[in-house]
Structures are given as C-alpha cells and as structure tokens.
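Counting from 29, one number per residue, gives the positions in the sequence shown under this note's numbering.
Note that beta-carbon positions come from the ideal geometry of N, C-alpha and C, so glycine has one too.
Working notes for the structure below.
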Amino acid sequence: MVTSKTFLVAAALLLALAAAQAIEVTPAQQAFRQIYQELVEINTTDSIGDTAKAAEAMAARLRTAGLADVQVLSSGPRKGNLVARLRGTGARRPILLIAHIDVVEAKREDWDSDPFKLEEVNGQFQARGSIDDKAMASAFVANLIEYAKEGFHPDRDIIVALTTDEELSDSPHDGARWLLQNHRALIDAEFAINEGGGGSLRDGKPARLSVQLAEKVYQSYRLEVTDPGGHSAAPRPDNAIYRLAQALARLAQFEFPISLNDVTRAYFARVASAERPDVASAIAALLAGNDHSLARLTQSPTNNALLRTTCVATMLNAGEAENALPQTARATVNCRLMPGQAAGEVEAALNRAINDPKVAVTPIGQAVESPPSPINPEVMQAVERISSEMWPGVPVIPTMSGGYTDSHWLRNAGIAAYGVSGLFSDAGSNGVHGRNEHVGVQQVYDCKEFLYRLVKALAGGGQK
Ligand SMILES: [Zn+2]
Numbered sequence: 029m030v031t032s033k034t035f036l037v038a039a040a041l042l043l044a045l046a047a048a049q050a051i052e053v054t055p056a057q058q059a060f061r062q063i064y065q066e067l068v069e070i071n072t073t074d075s076i077g078d079t080a081k082a083a084e085a086m087a088a089r090l091r092t093a094g095l096a097d098v099q100v101l102s103s104g105p106r107k108g109n110l111v112a113r114l115r116g117t118g119a120r121r122p123i124l125l126i127a128h129i130d131v132v133e134a135k136r137e138d139w140d141s142d143p144f145k146l147e148e149v150n151g152q153f154q155a156r157g158s159i160d161d162k163a164m165a166s167a168f169v170a171n172l173i174e175y176a177k178e179g180f181h182p183d184r185d186i187i188v189a190l191t192t193d194e195e196l197s198d199s200p201h202d203g204a205r206w207l208l209q210n211h212r213a214l215i216d217a218e219f220a221i222n223e224g225g226g227g228s229l230r231d232g233k234p235a236r237l238s239v240q241l242a243e244k245v246y247q248s249y250r251l252e253v254t255d256p257g258g259h260s261a262a263p264r265p266d267n268a269i270y271r272l273a274q275a276l277a278r279l280a281q282f283e284f285p286i287s288l289n290d291v292t293r294a295y296f297a298r299v300a301s302a303e304r305p306d307v308a309s310a311i312a313a314l315l316a317g318n319d320h321s322l323a324r325l326t327q328s329p330t331n332n333a334l335l336r337t338t339c340v341a342t343m344l345n346a347g348e349a350e351n352a353l354p355q356t357a358r359a360t361v362n363c364r365l366m367p368g369q370a371a372g373e374v375e376a377a378l379n380r381a382i383n384d385p386k387v388a389v390t391p392i393g394q395a396v397e398s399p400p401s402p403i404n405p406e407v408m409q410a411v412e413r414i415s416s417e418m419w420p421g422v423p424v425i426p427t428m429s430g431g432y433t434d435s436h437w438l439r440n441a442g443i444a445a446y447g448v449s450g451l452f453s454d455a456g457s458n459g460v461h462g463r464n465e466h467v468g469v470q471q472v473y474d475c476k477e478f479l480y481r482l483v484k485a486l487a488g489g490g491q492k
C-alpha cells in the first residue's frame, strides 16, 4: 500500500511538473507546427533529398487554404522552388519573403536522433533544418495562410519564395539566382526579407537582434609561377616554388585600407556601449575619423574583417616530382571584399603587393558584386517597434556578414534584402550545419509571431 501511495504522489508531481513546463499552444501555433514538422521531415539534402517534394507539400497547404496564385517551378529533377502570391491593392511594389528549403547533409549515425524527424525534447526542437532555414520557410507559409483566412488586403502583394540549393556553393540550381534569371517578374519586389540576421541568446536570454544589411563579396584568385624545370641535381637560383613563396610572404605583410560603410558605421555605433571601455573609445575614435587607436580594434579578427577587404592564402600546390625542378607553383588566395568594391580593384592591389610580373594573378570564378541594402527607415522602425514589444530592452543591431546568403543574388539584381528572423538561438551551440541542430520551441513560435507582425506592418493595408 505504501508503495502505491508513493507511486501516486510521484505521478501527481510528475504531471504537475509537465504541466508547468508545457507551453500553451494556440490554434495558430498548432497549425504552424504541423507545417514546420512536415517541412522538416521531408529530406531536402542534395545527395538523396528532394526540394521539389517539399515545395509541392507547401504548395498543397497554401492551395487547401484557398490561395490561388501558387506554383512550383523546378530547374531539374529533385530541385524545386515554390512561389506564392497574396494579392494586395497594388498601391505599393511587392514585398518578397524568401527562405531556402534545401538543407546541409546530415547522417543518422552522427546524430543523437533521426535528423529528419522533428523531436521535441526539454523545450527544444531538434532536426536538420529546424533553424536553417525551415523555421523561416514554414513561418512564411503559415502566416500567408493566416493573412488569407483573415481577408487581409495589404497595400502591396506579399510574395513567398521557397528556394533550393542555397547551401551548395555555385549550384546552377540555386533557386534565388535561377528565379531571378528565368522568372524575374514572379519574384520582383521593392525589397526582400531573408535569413542572415537572427537573435542571439546569452545565458539563455535574448541579448541582441540582428538585421543583416550587407555581406562581404566572395572572390578567390590563383597565383601561379611557371618555369621550364629541369633536373634537381643541377638547381638554378630561379625556382618557381621560391618565387611563389616570396610573393606570398609579401602578401602576408599587405593590408587593405580601412573602409567604413553606412551599415558598419551603424553597427559600431550600436555595439560600442556594450564593449570594454578601451574598445568603446577606439570605436568612438574610428567613427570620428581618427585612426590612432585602430590597432585596438583590428587585433580582433572579427572586427578586422568588418573594417577592410581581406585576402588570405588558403591552398598551395607545387612541383611534379621529388627529383625535378618545379614547373609550376600555385596558391589559392581567398578574398572577402567590402561590398561596393570592384573585384578588378582588388586584383590590381594584389598585383601591386606581390610586385613580381612572373607571378600571374587570375580570378577564380566571377564575384557576385552585391552592394549593402540601404538602411530603410520603414523596415528598421518596424523591426525596432516589434522587437521592443516582444523583447523589451534588447538592442536591434544592423550587421554585415563575412559569409553570404541568397541575399547576394537579390542585392546584385537590385532588390534590397533585409536579413531578419526574430529567431533567437545560441550560434555557438545550435548545431546549424553540424550535428543535432536544435532551437527552443518557444523561440520558434516567437519567430513565427515576429514575422507575422513584421510582414503585416510592412505590407500595410487592412481588411477587405
Ligand atoms: Zn541558410
């Protein structure tokens, strides 16, 4: 008897605990969760996955909800993009909500759970794509359905584009690029909302909300020295490997000049108050146009990358045989250009730094030049207002990324892109692109709510 009473008390305690931990889920959140789960559980990796299947599943959801203007466009087998449009009055140009639905590879044996099953454990969703980028993708779909059901009649069309192949570098199927090149009219917009910004958690609490307005531009160069070669038993002073090594040594000493743009100015102005006093005063000096304390800032690789174009040797390849003088010596130098800088200008700077006509510098591929998006007051004020309602006191920070997203295609094509999601996570441990990608359940619901309010504010208008 004692045993069963103890058991009952323990069971009651467990139930109470479970109730205290459970998140109250509204019908709208429940509907969103089903979409999120369906999208996450369709494998959309390049190796065996299928983005066309995922796009079709989301299209079916939208059509069932009564949206008429919905299509799936494929650039090849297993490569699908969804484009859906909620019509507005047309008083203003459309807004584009873009999210990629392909995901980085994930192997069951590397993970603690099946990466293509949405697990909910300890208040966290765990699955491949639970953050990148299926949280935004499913929020856009769920919110578009809600707007349609409400009879929301915005001042501008709201376009949702779910795209493939963002995670593969240089894929001809990259949906953002492919749609711009082949179906521009379908996604043409005054501006776009995309991934690239997010919320960061510090000790589990929201610390800052980023709005990504710019990305550095990716461009690699090949450095090459050629030589007739010969027998290594009779070496000559001139040697392809030595020549390339000397060129690289000169490159190592070279730095591009400091350059600020509107976005990085705004970034430094906002973050200064949270920095140590010496760093804060170095930022103040920088913004005032004094370079006397620049070293204080540029000793941090992150800050250095925000302040200038960088080029760094990343690969080396030389010689043909152990007993032969090298006929070729090659290095790959990867550059990240300040947006707005021409790739040709960087090539000329590399040639000047290397200062040896026998070292040929050739671009590898072609840079996608993408200028920063203008700091649009309407977008920034809407983000600030909704953020202060949902996360009072959390600063909104304009950012420039060192890497790139599909926003580089949009900005290159003249469509301003804003990276903002309202999805808070700990970037150091959330498993994005790695194992056990996970994010707080409440944070995902908050992201959906943030985007619901933001898009509604930016689309304007009212009920039909
Ligand atoms: Zn992504």
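Measure how close the beta-carbons of residue i and residue j come, nearest whole angstrom, since I'm counting them as under 8 Å.
i    : j    : result
L67  : A112 : Actually they do not touch by this definition, with Cβ atoms about 14 Å apart.
P329 : P367 : No, P329 and P367 are not in contact; Cβ-Cβ is about 19 Å, not under 8 Å.
A235 : V422 : 7 Å
T73  : E133 : 5 Å
H201 : G104 : 6 Å
P426 : V291 : 5 Å
R336 : S287 : 6 Å
S497 : G227 : No answer is possible for residue 497: the residues shown for the chain start at 29 and end at 492.
E252 : R89  : Not quite, the Cβ-Cβ distance comes to about 52 Å (not below 8 Å), so this is no contact.
Q247 : A395 : 4 Å
I187 : I215 : 6 Å
Would you say residue i touches ligand 1, meaning its beta carbon is less than 7 Å from a heavy atom?
i    : result
E148 : no
T433 : yes
H211 : no
D161 : yes
E194 : yes
E436 : Looking at the sequence provided, one finds His at residue 436 rather than Glu. No, Cβ of H436 sits at least 7 Å from all heavy atoms of ligand 1.
E465 : no
E133 : no
E223 : yes
H128 : yes
Which residue or residues does DSSP assign as beta-bridge partners of residue i?
i    : result
K107 : G104
N345 : R358
E252 : R358 and A388
I123 : I186 and F219
P234 : L229
Q152 : V149 and G468
Y64  : According to DSSP, Y64 bridges with nothing at all.
L365 : V245
T338 : R364
V239 : P426
H320 : H320 is not bridged to any residue.
V490 : This sequence places Gly at residue 490; Val is not what is there. According to DSSP, G490 bridges with H181.
G393 : According to DSSP, which records beta bridges pairwise, G393 is partnered with nothing at all.
R113 : D97 and I187
Please identify the residue among the options whose C-alpha is closest to the C-alpha of residue i.
i    : options                   : result
K145 : L208, A96, P182 and I70   : I70
S102 : V53, A189 and E218        : A189
Y432 : L276, D290, L241 and E406 : L241
A487 : L125, D434 and V448       : L125
D130 : W419, D97, K81 and A88    : K81
N458 : N351, P182 and D161       : D161
K386 : Y175, R271 and K107       : R271
M408 : L334, F219, D183 and P391 : F219
D183 : I123, N267, K135 and A308 : I123
L237 : V460, R413 and Q369       : R413
R264 : W139, P55 and A352        : A352
A277 : V361, A376, E147 and K484 : V361
D255 : Y295, S166, L214 and T356 : T356
R156 : L95, Q65, K476 and N210   : Q65
G258 : D142, N464 and A349       : A349
E406 : A444, D266, H181 and M418 : A444
F168 : R212, Q57, L196 and E195  : Q57
V448 : N150, C475, E148 and E84  : C475
E397 : A370, A410 and Q471       : A370
L344 : A302, E243 and I269       : I269
A381 : P420, S321 and F282       : F282
V100 : G108, T390 and G94        : G108
Q471 : W419, L208, D266 and L95  : W419
K233 : G347, S166, S453 and G490 : S453
G442 : A217, P143 and F60        : A217
Please confirm if residue i has its CB atom under 8 Å from at least one CB of chain C.
i    : result
A441 : The structure shown contains no chain C; it is built from a single protein chain.
Query raised in the report: Unbroken alpha helix (DSSP H) runs of length 4 or more, entirely within the region 411-461: which are they?
Result: Within the region 411-461, the complete alpha helix (DSSP H) segments of 4 residues or longer fall at 435-440, listed in chain order.
Report task. Scan the region 177-227 and note each continuous alpha helix (DSSP H) run of 4 residues or more that stays entirely inside, going in chain order. Result -> You should have 203-210 and 212-215.
Report task. Kindly provide the ranges of any beta strand (DSSP E) runs that are 3 or more residues long and lie completely inside the region 70-106, ordered along the chain. Result -> Counting only runs of 3 or more, we get 97-104.
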